[in-house]
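Heads up: the protein sequence lines correspond to chains A and B, in order. Per the working numbering, the first sequence runs over residues 1004 to 1198. Per the working numbering, the second sequence runs over residues 1004 to 1198. The beta carbon of each residue, even a glycine, is placed where N, CA and C say it ideally should be. Please read these numbers as outputs of a predicted model, since none were measured by experiment. For reference, the structure discussed in these notes is given below.
Protein chains: 2
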Amino acid sequence: MARAVSETHGEILAAAARRFAVTGYRGTSLQDIAREVGCSKATVLYHFANKEALLAELMAPAIAVLRDLDDRLTGLTGAAAQQVAAVGFVDLAVRFRREIALLRGEFPELLAQPAFAHIQQISERLRDAFAGHSERPGARISALVLLAGIPEACAEFVDVPDDELRPALLTLVRRAVEPVESSLPQPPTTEDKES
Amino acid sequence: MARAVSETHGEILAAAARRFAVTGYRGTSLQDIAREVGCSKATVLYHFANKEALLAELMAPAIAVLRDLDDRLTGLTGAAAQQVAAVGFVDLAVRFRREIALLRGEFPELLAQPAFAHIQQISERLRDAFAGHSERPGARISALVLLAGIPEACAEFVDVPDDELRPALLTLVRRAVEPVESSLPQPPTTEDKES
DNA sequence: TCAGACTCTGACCGATCGGTCAGTTCATCG
DNA sequence: CGATGAACTGACCGATCGGTCAGAGTCTGA
């Protein structure tokens, strides 16, 4: 009955994604996943060190893109940071909205897990960029509303095609974001916004 | 050692609020709450039928206001509905942001509990109103971003005073919301928006 | 004084959780 | 053929969960 290793590994991963999307991470037991695959719980733990490793592998691509966005943000300030953050984050949320849907509302406690320790800091820098590094409360509040609301909307509209969801979100962001006062006379370097 | 009933009852409620705010609803056990009060777990369950009843009593005031908003929304369409929904929802989120913070990201599964069965429907009607009852995807997407993001922002900025948070959010909503085409020539009846 | 109601508790329950482990099956290869 | 190692499993573990229950302590009013 032993299948090729990669086969079962992938099946477990797919089953986990399906179950997490329905009942959430905490609400899904290893037994549930095993039942869906048609193997024993011990088999799941043979292929993955623990439950957290299963989630980490599922989220790895999305996290890689998030880190890349964080890198592209370093050094940018004001309107330039706003622009890169907005385009990058909307793109990220749209592309990985299925992964986001898996975690529906479990981000806070999930981020506390060792595997996602750095995500917290990245999201704080992203929020700063969204606010154009402004200290004005209005700017920071708008930034957080968008950063929290966009993933939620992406997870909800899983079936809306990318090229409909993305422009709608970008239009919303442009309208909603507080225009930042150019404290530094910074030329709008929009050259790398589509890299 | 027996205290007055209302005293212990209130202490348990306060302790639960404190613990829920830190570790979330699911992440807080009845034992945790009992430890914080300085009584036994059985005492907690003497004063409250079960864990869900504890949460329900904690959220009761917020839910009452939400139902009231829902009532005021019935019959309204287009821009009028948008206006009432925006002002009402922002006010609700600001006033009860401590209660919202308790549940940080646990809304989806919490709403599945019997005690909150009707909330799901109310929030759907609220989303419709935010979108001005428009079917345009852009309008519906913006509505969901705001409806999901505003509570999150309110929970995050617990320490920002009301009269700073509220106008910032209202400004954001006015900028972000898609202006609805007045399909019905409806006079802007804003008379009851501040009742 | 005493019955009954109220408040509170320790001990216990069944269920479920993530995770471990010894051992079985089986394909591959020297 | 026999040895090896990867794939897989059932049985089991300790911990924790929400919840139950019989009974102890205390107060009150007839």
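Next item on the list: Just mark B:Asp1071 as buried or exposed, buried being the case when its beta carbon has 16 or more other beta carbons within 10 Å.
Entry: That one is exposed.
Check: Can you tell me the Cα-Cα spacing of B:Ala1067 and A:Gly1013, whole angstroms?
Finding: The alpha-carbon atoms of B:Ala1067 and A:Gly1013 are separated by roughly 47 angstroms.
Next item on the list: Inspect the CB distances between the stretch 1081-1094 of chain A and the stretch 1046-1061 of chain A and report whether three or more fall short of 8 angstroms.
Entry: With a cut-off of 8 angstroms on Cβ pairs, the stretch 1081-1094 of chain A is not in contact with the stretch 1046-1061 of chain A, counting fewer than three such pairs.
Check: Roughly how many whole angstroms lie between the Cα atoms of B:Gly1081 and A:Ala1017?
Finding: In a straight line, the C-alpha of B:Gly1081 is about 43 angstroms away from that of A:Ala1017.
Checklist line | Own chain, CB closer than 7 angstroms to B:Arg1101, minus 5 neighbours either side, in chain order | finding: Answer for B:Arg1101: Val1161, listed in chain order.
Margin query: Please list, in chain order, the chain A residues whose beta carbon lies closer than 8 angstroms to that of B:Gly1030.
Written below: Under the 8 angstroms cutoff, chain A gives Glu1112.
Item checked: Rounded distance between the beta-carbons of A:Pro1140 and B:Glu1167, thought under 8 angstroms -> With a Cβ gap of about 6 angstroms, B:Glu1167 and A:Pro1140 count as contacting.
Next item on the list: Please list, in chain order, all residues of the same chain as A:Gln1116 whose beta carbon is under 6 angstroms from its beta carbon, the five residues on each side excluded.
Entry: Scanning its chain for C-beta atoms nearer than 6 angstroms, with the 5 sequence neighbours on each side dropped, one finds around A:Gln1116 the residues Glu1055, in chain order.
Next item on the list: Check the C-beta distance from A:Tyr1028 over to A:Glu1138 and give it rounded, since I have them as a contact under 8 angstroms.
Entry: The beta-carbon distance between A:Tyr1028 and A:Glu1138, rounded to whole angstroms, is 35 angstroms. This is too long to meet the 8 angstroms contact definition.
Next item on the list: Give, in chain order, every unbroken run of the alpha helix (DSSP H) that is at least 4 residues long and sits entirely within the stretch 1047-1123 of chain B.
Entry: Within the stretch 1047-1123 of chain B, the complete alpha helix (DSSP H) runs of at least 4 residues are 1054-1076, 1081-1098, 1100-1105 and 1110-1113.
Check: Whose C-alpha, out of B:Phe1099, B:Leu1113 and B:Ala1088, is nearest the C-alpha of B:Gly1135?
Finding: Measuring from the Cα of B:Gly1135, the nearest candidate turns out to be B:Ala1088.
Notebook entry, point to check: Does any residue of chain B bring its CB to less than 8 angstroms from the CB of A:Ile1103?
Noted result: Chain B contact via Cβ: absent.
Next item on the list: Count the other CB atoms, across all protein chains shown, that sit within 10 Å of the CB of B:Leu1187; report buried if there are 16 or more and exposed otherwise.
Entry: Per-residue confidence for B:Leu1187 stands at a pLDDT of 45, beneath the threshold of 50, marking its modelled position as unreliable; no derived number is given.
Notebook entry, point to check: Per DSSP, what kind of secondary structure is A:Arg1029 in: helix, strand or coil?
Noted result: A:Arg1029 falls in the coil class under three-state DSSP.
Notebook entry, point to check: Nearest to B:Ala1142 by CA position, among A:Arg1107, A:Ala1037, A:Ala1132 and A:Leu1173, is which residue?
Noted result: Among A:Arg1107, A:Ala1037, A:Ala1132 and A:Leu1173, the Cα nearest to that of B:Ala1142 belongs to A:Leu1173.
Next item on the list: Measure the alpha-carbon distance for B:Gln1086 versus B:Thr1077 and round it to whole angstroms.
Entry: Near 13 angstroms, if we compare the C-alpha coordinates of B:Thr1077 and B:Gln1086.
Note to self: Just to confirm before moving on: does the CB-CB distance between A:Arg1177 and A:Val1097 stay below 8 angstroms?
What the structure shows: Result no, Cβ atoms of A:Arg1177 and A:Val1097 do not sit closer than 8 angstroms.
Next item on the list: Starting from A:Arg1201, find everything on chain B with Cβ-Cβ shorter than 8 angstroms and list it in chain order.
Entry: With chain A running from 1004 to 1198 in the structure shown, residue 1201 of chain A is simply not present.
Checklist line | Min CB distance B:Pro1140 to chain A below 8 angstroms | finding: Answer yes: the Cβ-Cβ gap between B:Pro1140 and chain A drops below 8 angstroms somewhere.
Notebook entry, point to check: Under a CB-based cut-off of 8 angstroms, is A:Glu1127 close to chain B?
Noted result: No, no contact with chain B.
Item checked: Every unbroken alpha helix (DSSP H) within the stretch 1125-1196 of chain A, with a cutoff of 4 residues, ordered by chain -> 1140-1159 and 1165-1179, all fully within the stretch 1125-1196 of chain A.
Checklist line | Alpha carbon of B:Val1180 to alpha carbon of B:Ile1036, nearest angstrom | finding: Their backbone Cα atoms lie some 41 angstroms apart in a straight line.
Next item on the list: Anything in chain A within Cβ reach of B:Ser1145, meaning under 7 angstroms, just list it in chain order.
Entry: The contacting residues are Leu1175.
Margin query: Can you tell me whether A:Gly1041 is helix, strand or coil according to DSSP?
Written below: DSSP, reduced to helix, strand and coil, places A:Gly1041 outside both helices and strands of the structure shown, so it counts as coil.
Notebook entry, point to check: So B:Leu1061 packs on B:Leu1105, CB below 8 angstroms; how close in whole Å?
Noted result: B:Leu1105 and B:Leu1061 do touch by the CB rule: their CB atoms are close to 7 angstroms apart, below 8 angstroms.
Checklist line | Status (buried if at least 16 other CB within 10 Å, exposed otherwise) for A:Ile1015 | finding: A buried status is given to A:Ile1015, since no fewer than 16 other beta-carbon atoms sit within 10 Å of its beta-carbon.
Check: Mind checking if B:Leu1058 is an interface residue toward chain A, Cβ cutoff 8 angstroms exclusive?
Finding: Judged by the 8 angstroms Cβ criterion, B:Leu1058 is not in contact with chain A.
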